[in-house]
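Reading through the structure tokens given below for one structure.
Protein chains: 2
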Amino acid sequence: MAINRTGPNMNAIAAALGVSAATVSNALSGKGRVSPELVEKVRAKAAELGYVPSLAARALRTGRTGVLGLVLPDIANPLFPQIAQAIENAASNAGYGVLIADSRGDIAMQTEAIARLLERGVDGMVIVPRRGTRIADVGCPVAVIDTPSTPGNTVAADHWGGGVQMGRHLAALGHRKVLLIGTNTSSNVQNDRIGGLKAGFGAGIECETLWIEKVEAVAGEGCPLGLAEKAATGFTAFAAVSDLSALRALTELQRAGIGVPEMVSVTGFDDLIWSPVVTPALTTIRMDMATIADLAVAALIRVISQDGEAEPAASGNVASETDRVPMQLIVRQSTGAPNSHALQPSNKPTAGELKS
Amino acid sequence: MAINRTGPNMNAIAAALGVSAATVSNALSGKGRVSPELVEKVRAKAAELGYVPSLAARALRTGRTGVLGLVLPDIANPLFPQIAQAIENAASNAGYGVLIADSRGDIAMQTEAIARLLERGVDGMVIVPRRGTRIADVGCPVAVIDTPSTPGNTVAADHWGGGVQMGRHLAALGHRKVLLIGTNTSSNVQNDRIGGLKAGFGAGIECETLWIEKVEAVAGEGCPLGLAEKAATGFTAFAAVSDLSALRALTELQRAGIGVPEMVSVTGFDDLIWSPVVTPALTTIRMDMATIADLAVAALIRVISQDGEAEPAASGNVASETDRVPMQLIVRQSTGAPNSHALQPSNKPTAGELKS
DNA sequence: CTGAAAGCGCTTACAG
DNA sequence: CTGAAAGCGCTTACAG
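Residue numbers (UniProt numbering), protein chains in the order written: chain A, 1 to 356; chain B, 1 to 356.
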């Protein structure tokens, strides 16, 4: 029966050249020892005919699909675009495709998503686990991107170190009473960031942590966080562990007539899309997603390639020693010295440092 | 040579049951006429053995991979999570996997991304084109998600209709002078939204469009938009055609000491993640991405399934009659009657309607 | 350096 | 209702 194949296959090239398919294969892959002239002829003919290799056939034969899975806790997460873009880029540079799977925040769906990818024969997967989840052996090489303090983590941003940088920045500006804002007490990433912030503050800075999940458990979703009241009690900086919370804080404070950064400073994490866009632009910490993705994909590919060889049919976490990728502080207008000029909100933003 | 296959194949089931592989195949697929008892036995044995079909083999044999490609103009786009999640969901419900490809804003890369997906043998693709791009015949069924007014569009939100709803909402509140805010003059989506807004205003509303790209071309990226000055000249509402611009407007106005919604109203489009989170929460228009994705995937699958049959080796845009999916107005606190109470900014948001 | 042959796991006419 | 056989397009020992 005729199959949906549009272009020519290896046999067509072989026939056109009067050589064997094996030679075409070897010439194209550069594996077998084929004479340079023949290699050239084969390449030329392949190009002329518009040959496109059948990845399905190759997969069937070699047992490798050349596809990596990307499992995300919740695609709707605003950090997702950065992650997906970086992984897709790293993978396609390495000649791999990326199949996505969304666990939609649910642990059961995470398991199901992993199973779906496995059925599709991915050679390995990158998993950004749902918080608290420990990824068991899934039956193929796995790179986990979470936080360096998470057991089984493969590669991650140095969230703690990022916190330290931000903590020092605020300390250097002269803040002495800082409100930390987190959303979720069980997030390793957030806890690391908070730990780093406190370490960066050093002695002499008083701080308190506000968990939004707890506020909302009492007052309902989207309720005010009471930040104006906090400012009234002497907090001069609000350090959120995510840009979304920082945005929430910034607008709540602005709406209460509290000038940022003249009266209080606000900081975030992750440099999400709106951070440079809001007024005042948000001081934040950026992850080097490109590097993280490169390391994750490289680790995966290393294991995948070994898999053919020697002893271990590696099919678990590729963590060995965790890679810890530095984060970068981005100072924008939302931070300044505390009460440097306790003016009424004006429409002239202070100059501030701007490092892009 | 032993291949990377972990589990049993059809032959294993066939052997265990003393039947042929063909029968196992027919029983499992439900295609051939196999006796009910045998079907049951085959299913049981498959489950017992933990049989997982080889999609690579099936693909090689049938010419279908069961994978759809998703091409995005720029994964970093904040709308992307919604799109990707919806497409992934629709596809996986239909038994398809989703391979992503990012054109990173570049037209050449868009072409390359499409080629990569094609090489991987996707059965079809969903393309969200870069603005202005017209997708040529790519060699497989394609569903284009852009805007109903775009030639070749397959399915899209009714951006114009959404604009109309928002226009009417502002008109009903009593606004008479509205500033429209767009980023890009060549975006079909944005032009449709603006057209709808104007239509929704009807007569008696004065409006003007501010294109951010033009402002920035002169004043540089991230510069103030001069909205406070606009408010001073009598504009009481600022209708952005994206939530990101709305956020920019909201914070710029707040920072200038202009109360939203007491003094001016601000609206966005798309109901992105931060819209319900900022203070005041943003009135916006939501796309029904789930429906759009379902329609796009369904259209693709319809063509893919026909492909085996009769005449046309369909390999182009699956557009025939464009589906136009209604958008939904979400009224939150950022809109109110103009100058209803020209108070100083207070820290008590007005109650406002809230429709979630 | 080159080729003949086998086989990856499945599906599909076709014959029985 | 069931099975034998062919073949999708490739790669890989192996022989020459």
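Yeah, the Cβ is synthetic: ideal placement off N, Cα and C, and Gly gets one too.
task = Mind checking the stretch 258 to 285 of chain B against chain A and listing, in chain order, the residues whose C-beta falls within less than 9 angstroms of any C-beta there?
result = Against chain A - using a Cβ distance shorter than 9 angstroms - the residues of the stretch 258 to 285 of chain B are Ile258, Gly259, Val260, Leu272, Ile273, Trp274, Pro276, Val277, Val278, Thr279, Pro280 and Ala281.
ask   = What does a CB cutoff of less than 6 angstroms around histidine 159 of chain B pick up in its chain, not counting 5 residues either side in sequence?
value = The sequence position of residue 159 of chain B within the second sequence is 159, counting from 1. Contacts found: Thr147, Val189, Asp192 and Arg193.
query = Skipping 5 residues on each side, what residues in its chain have a beta carbon closer than 8 angstroms to that of glycine 66 of chain A?
reply = Indexing the first sequence from 1 puts residue 66 of chain A at position 66. Excluding residues within five positions, the ones whose Cβ falls inside 8 angstroms are Leu55, Arg58, Ala59, Gly95, Tyr96, Gly97 and Asp123.
query = If you count every other CB in all the chains shown that lies within 10 Å of the CB of arginine 134 of chain B, and 16 or more means buried, which is it?
reply = Within the second sequence, residue 134 of chain B is the residue found at index 134, counting from 1. Exposed.
query = Between leucine 55 of chain B and chain A, is there a C-beta pair that is closer than 7 angstroms?
reply = Stepping through the second sequence from its first residue, residue 55 of chain B is reached at position 55. At least one chain A Cβ lies under 7 angstroms of leucine 55 of chain B.
query = Where proline 280 of chain A and valine 241 of chain A are concerned, what is the direct C-alpha to C-alpha distance, given to the nearest angstrom?
reply = Reading the first sequence from its first residue, position 280 is the one you call residue 280 of chain A. Reading the first sequence from its first residue, position 241 is the one you call residue 241 of chain A. If I take the Cα positions, the gap works out to 18 angstroms.
query = To the nearest angstrom, how far is it from the Cα of arginine 120 of chain B to the Cα of arginine 64 of chain A?
reply = In the second sequence, residue 120 of chain B corresponds to position 120, counting from 1. In the first sequence, residue 64 of chain A corresponds to position 64, counting from 1. Distance between the alpha carbons of arginine 120 of chain B and arginine 64 of chain A: 13 angstroms.
ask   = What is the DSSP secondary structure of arginine 116 of chain B, reduced to helix, strand or coil?
value = Residue mapping note: residue 116 of chain B aligns to position 116 of the second sequence, counting from 1. Helix at arginine 116 of chain B.
task = Would you mind reading off the limits of the alpha helix (DSSP H) that contains glutamate 252 of chain A?
result = Position 252 of the first sequence, counted from the first residue, corresponds to residue 252 of chain A. It spans 243 to 255 - the alpha helix (DSSP H) in which glutamate 252 of chain A sits, taken as one unbroken run.
message = Once the 5 residues before and after valine 19 of chain A are set aside, which same chain residues still bring their CB inside 8 angstroms of it?
response = To locate residue 19 of chain A, count along the first sequence from 1; it is residue 19. Leu38 and Val42.
key: Candidates B/Ala239, B/Thr251 and B/Leu295, of which the one nearest threonine 283 of chain B by Cα   = Here residue 283 of chain B refers to the residue found at position 283 of the second sequence. For threonine 283 of chain B, the closest of B/Ala239, B/Thr251 and B/Leu295 by C-alpha to C-alpha distance is B/Ala239.
Contact set for proline 338 of chain B: own chain, Cβ-Cβ below 8 angstroms, skip 5 residues either direction = Taking the first residue of the second sequence as 1, we reach residue 338 of chain B at position 338. Cβ within range, chain order: Leu173, Gly174, His175, Arg176, Thr236, Ala237, Val264 and Ser265.
query = Do you know whose CA, among B/Gly202, B/Thr251, B/Ala203 and B/Phe80, lies nearest proline 224 of chain B's CA?
reply = On the second sequence, residue 224 of chain B is found 224 positions in, with the first residue counted as 1. Nearest option by C-alpha distance: B/Thr251.
query = Which one or two residues does DSSP pair with alanine 143 of chain A in a beta bridge?
reply = For the purposes of this step, residue 143 of chain A is taken as residue 143 along the first sequence, with counting starting at 1. In the DSSP assignment, the residues bridged to alanine 143 of chain A are A/Val126.
ask   = Quick one: is glutamate 309 of chain A buried, meaning 16 or more other Cβ sit within 10 Å of its Cβ, or exposed?
value = Along the first sequence, read from residue 1 onward, the residue named residue 309 of chain A stands at position 309. With a pLDDT of 48 at glutamate 309 of chain A, under the threshold of 50, the predicted position of this residue should be treated as unreliable, and no value is reported.
query = Using a threshold of 6 angstroms, is the CB atom of glutamate 216 of chain A nearer than that to any non-hydrogen atom of the ligand ATP?
reply = Absence of the ligand ATP is noted for the structure shown, with no ligands found whatsoever.
query = Applying a beta-carbon distance threshold of less than 7 angstroms, which residues of chain A neighbour isoleucine 100 of chain B?
reply = Position 100 of the second sequence, counting from 1, holds the residue named residue 100 of chain B. By Cβ distance, chain A contributes Ala84, Glu88, Val98 and Ile100.
ask   = Rounded to whole angstroms, how far is the Cβ of arginine 131 of chain A from the Cβ of serine 186 of chain A, which I believe are closer than 8 angstroms?
value = Within the first sequence, numbered from 1, the residue matching residue 131 of chain A stands at position 131. Within the first sequence, numbered from 1, the residue matching residue 186 of chain A stands at position 186. The Cβ separation is near 6 angstroms, so the contact holds.
task = Identify the contact partners of serine 92 of chain B in chain A, using a Cβ-Cβ distance below 7 angstroms as the criterion.
result = Walking along the second sequence from the start, residue 92 of chain B turns up at place 92. What serine 92 of chain B touches in chain A: Arg116.
key: glutamine 85 of chain A - DSSP class collapsed to helix/strand/coil   = Taking the first residue of the first sequence as 1, we reach residue 85 of chain A at position 85. It is helical.
key: Closer than 7 angstroms to chain A by CB, arginine 316 of chain B   = As a first step, residue 316 of chain B must be located in the second sequence, where it is residue number 316. Looking at the sequence provided, one finds glycine at residue 316 of chain B rather than arginine. Not an interface residue.
request  = Give the residues of chain B in contact with arginine 120 of chain A, contact being defined as C-beta atoms less than 7 angstroms apart.
outcome  = Here the question's residue 120 of chain A lines up with position 120 in the first sequence. The contacting residues are Leu55 and Gly97.
task = Give the straight-line distance between the Cα atoms of glycine 161 of chain B and glycine 182 of chain A, rounded to the nearest whole angstrom.
result = Position 161 of the second sequence holds residue 161 of chain B. Position 182 of the first sequence holds residue 182 of chain A. Looking at the two C-alpha atoms, the distance is approximately 39 angstroms.
request  = Can you give me the Cβ contacts of valine 278 of chain B inside the same chain, cut-off strictly under 6 angstroms, excluding the 5 residues immediately before and after it?
outcome  = What you label residue 278 of chain B is simply residue 278 of the second sequence in a count that begins at 1. Correct list: empty, nothing qualifies.
query = Which word fits alanine 44 of chain B, buried or exposed, when buried means at least 16 other C-beta atoms lie within 10 angstroms of its C-beta?
reply = Here residue 44 of chain B refers to the residue found at position 44 of the second sequence. Classification for alanine 44 of chain B: exposed.
message = Any beta carbon of chain B sitting closer than 7 angstroms to that of glycine 7 of chain A?
response = Taking the first sequence and counting its residues from 1, one reaches residue 7 of chain A at position 7. No, because no Cβ of chain B sits closer than 7 angstroms to the Cβ of glycine 7 of chain A.
query = Under the three-state reduction of DSSP, which class applies to glutamine 344 of chain B: helix, strand or coil?
reply = Against the second sequence, residue 344 of chain B aligns to sequence position 344. Its pLDDT being 42, under 50, glutamine 344 of chain B is placed unreliably in this model, and the value from its coordinates should be taken loosely. In this structure, glutamine 344 of chain B counts as coil in the three-state DSSP scheme.
Interface positions of the stretch 233 to 252 of chain A facing chain B (Cβ-Cβ less than 8 angstroms), listed along the chain = Leu244, Leu247, Arg248, Leu250, Thr251 and Glu252
ask   = Assuming alanine 156 of chain B and valine 297 of chain B make a contact with CB atoms under 8 angstroms, what is their CB distance in whole Å?
value = As a position in the second sequence, residue 156 of chain B is number 156, starting the count at 1. As a position in the second sequence, residue 297 of chain B is number 297, starting the count at 1. Rounded, the Cβ-Cβ distance is 14 angstroms, inconsistent with contact.
inquiry  = By alpha-carbon positions, which one of A/Ile292, A/Ala290, A/Ser245 and A/Leu253 ends up nearest to proline 78 of chain A?
reply    = The residue given as residue 78 of chain A occupies position 78 in the first sequence. Ranking the options by Cα distance to proline 78 of chain A, first place goes to A/Ser245.
query = Starting from glycine 97 of chain A and walking both ways along the beta strand (DSSP E), at which residues does that stretch end?
reply = Position 97 of the first sequence holds residue 97 of chain A. Taken as a continuous stretch (DSSP letters only), the beta strand (DSSP E) holding glycine 97 of chain A covers 97 to 102.
key: Rounded C-alpha distance that separates alanine 16 of chain B from leucine 70 of chain A   = Position 16 of the second sequence holds residue 16 of chain B. Position 70 of the first sequence holds residue 70 of chain A. Going by the C-alpha atoms only, they are around 36 angstroms apart.
Of the listed residues A/Lys214, A/Asp323 and A/Asp270, nearest to valine 331 of chain A (C-alpha basis) = Here residue 331 of chain A refers to the residue found at position 331 when the first sequence is read from its first residue. Considering only alpha carbons, the answer is A/Asp270.
ask   = With DSSP run on the structure shown, which of helix, strand or coil describes isoleucine 258 of chain A?
value = Translated into positions along the first sequence, residue 258 of chain A becomes position 258. Correct three-state label for isoleucine 258 of chain A: coil.
request  = Check the Cβ of valine 52 of chain A against every Cβ in chain B and list those closer than 7 angstroms, keeping chain order.
outcome  = Residue mapping note: residue 52 of chain A aligns to position 52 of the first sequence, counting from 1. Residues of chain B passing the Cβ test: Glu119.
inquiry  = Counting only Cβ-Cβ distances shorter than 8 angstroms, please list the residues of the stretch 216 to 235 of chain B near chain A, keeping chain order.
reply    = Gly222, Pro224 and Ala228
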